[in-house]
Amino acid sequence: MKITPKALAPIALIAAFGLGTLAPNAQTSGQKVGFVNVDTLFAAHPSDKDIKALQATANKELGDLDARIKAIDAKGNAATAADKTQREQLVSTINAKAKSFNDQMSAKATPVENSVDKALSDYAKANGFAIIMDRAIAQQSGLVVYADNSTDVTDGVKKNVK
């Protein structure tokens, strides 16, 4: 069967009509996108200073234990049986303390995270945002190459963090 221009005319008409109906659907209205500094939002929460104090305590206590373990490790083959026993006790202690600090941190951080998430969600809904992203993660991931400073809504969201 030979394809003639006459035979192609109905197919071309249908194709043009089909593509013409797709074009308006492919173009959607602009979506509002915003960025926030999540660290600033967490710092705005009233419980942030408690979390930072707990983190400082954990860093000090775990750091001291870690230094003692490293001192024994530095002895290498010269470490005595008593040193090795002490090292095992220190490792057991550091693991128990790390778990305890993690549990305490989780108990304190979860309500803060929930509060920040709610503030973000409420702000986005109230102001018509389709997407709000963490500016630092968007930059580091390469997901966003450029964003105008007017897209930063950190101050607006911060007012809702409780």
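The sequence shown lines up with residues -26 to -1, 1 to 136 when you count with mature numbering (1 follows the signal peptide of the UniProt record, and there is no 0). A virtual CB, placed ideally from N, CA and C, is assigned to each residue, including glycine.
Item, Value
"C-alpha distance - Tyr4 paired with Ala100, whole-angstrom precision", "For the sequence presented, residue 4 should be read as Gly rather than Tyr. Rounded to whole angstroms, Gly4 to Ala100 spans 17 angstroms at the Cα level."
"8 angstroms Cβ cutoff met for Ala112 and Phe9", "yes"
"Bridge partner(s) assigned by DSSP for Asp24", "Its beta-bridge partners do not exist; DSSP assigns none."
"Whole-Å CB distance - Gly79 paired with Leu28, under 8 angstroms assumed", "Correcting the residue type first, residue 79 is Met in the shown sequence and not Gly. About 6 angstroms separates the two Cβ atoms, so the contact holds."
"Counted within 10 angstroms of its Cβ, other Cβ atoms place Ala18 as buried (16 or more) or exposed", "buried"
"Opening and closing residue of the beta strand (DSSP E) in which Val7 lies", "Lys6 to Val10"
"Cβ-based neighbour list, Ser89, same chain, cut-off 7 angstroms, excluding 5 preceding and 5 following", "His19, Val135 and Lys136"
"CB of Ala104 within 8 angstroms of CB of Lys6, strictly", "yes"
"Distance between Val118 and Phe(-10) (C-alpha atoms, nearest Å)", "Confidence at Phe(-10) is low in this model, with a pLDDT of 48, below 50, so its placement is unreliable and the value that follows should be read with caution. Cα to Cα, Phe(-10) sits roughly 36 angstroms from Val118."
"Per DSSP, cross-strand counterpart(s) of Phe16", "In the DSSP output, where bridge partners are listed per residue, Phe16 has none listed."
"Alpha-carbon to alpha-carbon, Asp96 and Leu76", "Before going further, note that residue 76 is Asn rather than Leu in the sequence given. Their Cα atoms are separated by approximately 29 angstroms."
"Buried or exposed (CB count within 10 angstroms, at least 16 for buried), Pro(-3)", "Residue placement at Pro(-3) is poorly supported in this model, since its pLDDT is 49, which falls under 50; the coordinates are not used for a value here."
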